[in-house]
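In our numbering, the protein residues as written are 1 to 494.
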Amino acid sequence: MKPSARPIGQLWLREHYQLPTPAAAVESYVGSTSRMTRITGAQTSEMYPLRYAVDDTLEGHLRFAMRYEPLDMGVISGVMRAAAQTEVLEWLTREPTSQYARRAWFLYERFSGHIIDIPLPATRNWVAALDVDLQLVGPARRSARHHVIDNLLGNERLCVTVRKSERLVSAIASRDALRAKAQSVISAHDASVLRRASSYLYTKETRSTFAIERESPTPMRAERFVRALHAAATFAPDIESLVKLQQTIVEPRYAESSFRQSQNFVGETLGNDRERIHFICPKPEDVDDLMRGLRELFTLLANTQTDPVVAAAIVAFAFVFIHPFEDGNGRIHRFLLHAMLARHAFTPEGIIFPVSAIMERERRAYDDVLESFSKALFEWIDYDVIQGTRLLVRNATDHLYRFFDATAMAEYVYECITKTIDKDLIEELDYLTRFDAARSAVRSIVDMPDQRLTLFVKLVLQNNGVLSAAKRAQFVELTDEELSAMQLAVKAAE
Numbered sequence: 001m002k003p004s005a006r007p008i009g010q011l012w013l014r015e016h017y018q019l020p021t022p023a024a025a026v027e028s029y030v031g032s033t034s035r036m037t038r039i040t041g042a043q044t045s046e047m048y049p050l051r052y053a054v055d056d057t058l059e060g061h062l063r064f065a066m067r068y069e070p071l072d073m074g075v076i077s078g079v080m081r082a083a084a085q086t087e088v089l090e091w092l093t094r095e096p097t098s099q100y101a102r103r104a105w106f107l108y109e110r111f112s113g114h115i116i117d118i119p120l121p122a123t124r125n126w127v128a129a130l131d132v133d134l135q136l137v138g139p140a141r142r143s144a145r146h147h148v149i150d151n152l153l154g155n156e157r158l159c160v161t162v163r164k165s166e167r168l169v170s171a172i173a174s175r176d177a178l179r180a181k182a183q184s185v186i187s188a189h190d191a192s193v194l195r196r197a198s199s200y201l202y203t204k205e206t207r208s209t210f211a212i213e214r215e216s217p218t219p220m221r222a223e224r225f226v227r228a229l230h231a232a233a234t235f236a237p238d239i240e241s242l243v244k245l246q247q248t249i250v251e252p253r254y255a256e257s258s259f260r261q262s263q264n265f266v267g268e269t270l271g272n273d274r275e276r277i278h279f280i281c282p283k284p285e286d287v288d289d290l291m292r293g294l295r296e297l298f299t300l301l302a303n304t305q306t307d308p309v310v311a312a313a314i315v316a317f318a319f320v321f322i323h324p325f326e327d328g329n330g331r332i333h334r335f336l337l338h339a340m341l342a343r344h345a346f347t348p349e350g351i352i353f354p355v356s357a358i359m360e361r362e363r364r365a366y367d368d369v370l371e372s373f374s375k376a377l378f379e380w381i382d383y384d385v386i387q388g389t390r391l392l393v394r395n396a397t398d399h400l401y402r403f404f405d406a407t408a409m410a411e412y413v414y415e416c417i418t419k420t421i422d423k424d425l426i427e428e429l430d431y432l433t434r435f436d437a438a439r440s441a442v443r444s445i446v447d448m449p450d451q452r453l454t455l456f457v458k459l460v461l462q463n464n465g466v467l468s469a470a471k472r473a474q475f476v477e478l479t480d481e482e483l484s485a486m487q488l489a490v491k492a493a494e
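This is the structure:
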């Protein structure tokens, strides 16, 4: 970056108002340079020549941001809380019909909680709060007072940013093809195979989501979670339903009757009363209002106008960042992915995409997407660890969890679903088809009892088409000639 370049847009606003919030993913600079984009990791720097320069005012830099940048809800909400009402009022009085002034007015009243006393403008032109060319938006709701279409992904209690990254735009463009592929794979198999595959995939998702937490559920807890997954399409995250779900999945002595009342954190013990903190949860007094925001956001995103995978990612990760329970948050977070996908009928009927299996198998990628949010918080949280086990947060932090960039989470969930369809779904259906063919072929040689037949085929498939010498003793009734023919039959079915 050239020394002469200076901040413009949201970066200037964030610095000018000294906002205690993480940087926006896209930051802009103006100076003696040509127009260019520089990407470093998750950070994008946009360089603009001097003709883009603006006055160093709220109006100048917010107008620039609304024209050229995806609006970061953390920055924008912070600006609206920090700005003087007169800054917006003077702009609106001077340009009452300007789309930028009206958008600023709408955003100010939404996030500051203050109403600007001004005669309503006579304009009849509607303008969207967020530019659909710069970022993903929520369902359109009309704010008649401002003549602004409220297309925020949330409201003042919980509102996220989802940028139109190249990776996400590509994923969304392939969404219908992805679902069609899953449907095509399913349609190619008979009902018997699908029933067994469905049972396996639900069980696999259950085992994997517990395994991520390094837990092994009892058969009863696993069965209860499978039943919950089957009913995910009707799930709504009200407090009663969430508490009931939490009680279903955790060890009974850790079941809770309400949201947590103490400060929580995610970390690991290093010994000598020392903890390595990975994630600091919201303060307990903020949880109820954040969860109200989550319920409202869930209802909003269940609307069919919203991309189902993006909606699922937003709701699921917002929940785990709020961390409303002492235990069970991760499993409920992954459950909510399925609840939103099922609400949108994105998952084929009777089938589940075992995304937790991908998360468990590729744990580093899962941790990376969680840390893309959690690591940025530490700079803005004033906290102490007391006696190695308790954490005290000294400053206001609710805004850090209300407003965040969910782009990386949406990209990640799309990737998980794609891998699930390409690997887990196809492999399981193909395996069951080959297994049935092998059973039929083996039975034509020796008409074995069902359980013996199933065991034989499993053992041969697990050992690359050969019954191991150690297992041969389990089938002493078979002659060597029969065994050889049966092994060849299994191989032919693969």
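Glycine is no exception: its CB is placed at the ideal position from the N, C-alpha and C atoms.
Element boundaries [beta strand (DSSP E), containing residue i]
i: Tyr-431; result: Not the beta strand (DSSP E): Tyr-431 falls in the alpha helix (DSSP H), residues 426-443.
i: Gly-465; result: No beta strand (DSSP E) contains Gly-465, which DSSP labels as neither H nor E.
i: Thr-407; result: Per DSSP, Thr-407 belongs to no beta strand (DSSP E); it is in the alpha helix (DSSP H), 407-419.
i: His-323; result: Per DSSP, His-323 belongs to no beta strand (DSSP E) and is neither H nor E.
i: Glu-275; result: 274-280
i: Glu-256; result: Counting along the chain, Glu-256 falls outside any beta strand (DSSP E), and DSSP gives it neither H nor E.
i: Ser-45; result: 43-49
i: Ser-28; result: 26-31
i: Thr-37; result: 36-40
Integer-rounded CB distance, given that residue j should sit under 8 Å from residue i
i: Cys-416; j: Met-359; result: 7 Å
i: Val-75; j: Thr-21; result: 6 Å
i: Ile-332; j: Gln-246; result: 6 Å
i: Ala-177; j: Leu-152; result: That pair is no contact at about 29 Å.
i: Ser-388; j: Arg-274; result: The question names Ser, yet the displayed sequence has Gly at residue 388. Correct: roughly 6 Å between the Cβ atoms.
i: Phe-298; j: Ala-236; result: 7 Å
i: Ser-77; j: Phe-403; result: 5 Å
i: Asp-307; j: Arg-163; result: Not confirmed; about 13 Å, so no contact.
Length of the line joining the Cα atoms of residue i and residue j
i: Ala-357; j: Val-442; result: 32 Å
i: Gln-462; j: Ser-372; result: 40 Å
i: His-147; j: Ala-104; result: 12 Å
i: Arg-221; j: Tyr-254; result: 13 Å
i: Asp-72; j: His-278; result: 24 Å
i: His-61; j: Met-409; result: 28 Å
i: Gly-154; j: Val-457; result: 53 Å
i: Ile-514; j: Arg-227; result: Since the first and last residues shown for the chain are 1 and 494, residue 514 lies out of range.
i: Leu-50; j: Ala-65; result: 16 Å
i: Ser-165; j: Asp-238; result: 32 Å
i: Leu-158; j: Leu-290; result: 7 Å
i: Leu-294; j: His-114; result: 23 Å
i: Met-47; j: Ser-28; result: 6 Å
i: Leu-391; j: Glu-256; result: 21 Å
i: Ala-231; j: Leu-341; result: 12 Å
i: Lys-283; j: Asp-327; result: 16 Å
i: Ala-345; j: Lys-375; result: 34 Å
i: Pro-242; j: Leu-168; result: Strictly speaking, residue 242 in this sequence is Leu, with Pro absent from that position. Their backbone Cα atoms lie some 30 Å apart in a straight line.
i: Arg-63; j: Ile-118; result: 21 Å
i: Phe-259; j: Thr-234; result: 22 Å
i: Ser-199; j: Val-132; result: 41 Å
i: Ser-484; j: His-189; result: 29 Å
i: Glu-156; j: Glu-411; result: 24 Å
i: Thr-161; j: Asp-405; result: 5 Å
i: Tyr-17; j: Ser-4; result: 22 Å
i: Val-287; j: His-323; result: 8 Å
First through last residue of the alpha helix (DSSP H) which encompasses residue i
i: Gln-246; result: 239-249
i: Gln-10; result: 10-16
i: Val-148; result: Counting along the chain, Val-148 falls outside any alpha helix (DSSP H), though it belongs to the beta strand (DSSP E) covering 148-150.
i: Asp-384; result: Counting along the chain, Asp-384 falls outside any alpha helix (DSSP H), though it belongs to the beta strand (DSSP E) covering 383-386.
i: Leu-92; result: 85-94
Other residues of its chain near residue i: CB distance less than 8 Å, five sequence neighbours each side excluded
i: Glu-482; result: Ile-445, Val-446
Residues near residue i by beta carbon distance below 7 Å, same chain, minus five either side
i: Pro-96; result: Pro-121
i: Ala-197; result: Glu-428, Leu-429, Leu-432
i: Pro-354; result: Leu-201, Lys-204, Glu-205, Ser-208, Thr-420, Asp-424
i: Ser-143; result: Phe-106, Asp-150
i: Arg-81; result: Phe-111, Ser-112
Proximal residues to residue i (C-beta, below 6 Å), its chain only, five neighbours per side dropped
i: Leu-336; result: Val-315, Ala-316, Phe-319
i: Arg-361; result: none
i: Lys-499; result: Here the chain has residues from 1 to 494 only, and residue 499 is not among them.
i: Glu-349; result: none
i: Ala-24; result: Gln-10, Asp-72, Val-75
Three CB pairs or more closer than 8 Å across the stretch 178-186 and the stretch 310-325: As far as the Cβ criterion goes, the stretch 178-186 does not touch the stretch 310-325, which means the pair count is below three.
Taking contact to mean at least 3 C-beta pairs separated by less than 8 Å, is the stretch 426-436 in contact with the stretch 464-475? no
Inspect the CB distances between the stretch 363-375 and the stretch 122-140 and report whether three or more fall short of 8 Å. no
Counting pairs of Cβ atoms below 8 Å between the stretch 208-222 and the stretch 377-387, do you hit three or more? Under the 8 Å Cβ criterion, the stretch 208-222 does not count as touching the stretch 377-387, having fewer than three qualifying pairs.
Using 8 Å as the cut-off, can you tell me whether the stretch 386-397 makes contact with the stretch 238-256, which would need three or more C-beta pairs spanning the two stretches below that distance? Result no; under three Cβ-Cβ pairs closer than 8 Å.
Just checking, does the stretch 132-144 make contact with the stretch 303-313 on the three C-beta pairs under 8 Å criterion? The stretch 132-144 vs the stretch 303-313: in contact.
The stretch 82-94 touching the stretch 30-37, judged by at least three CB pairs closer than 8 Å: no
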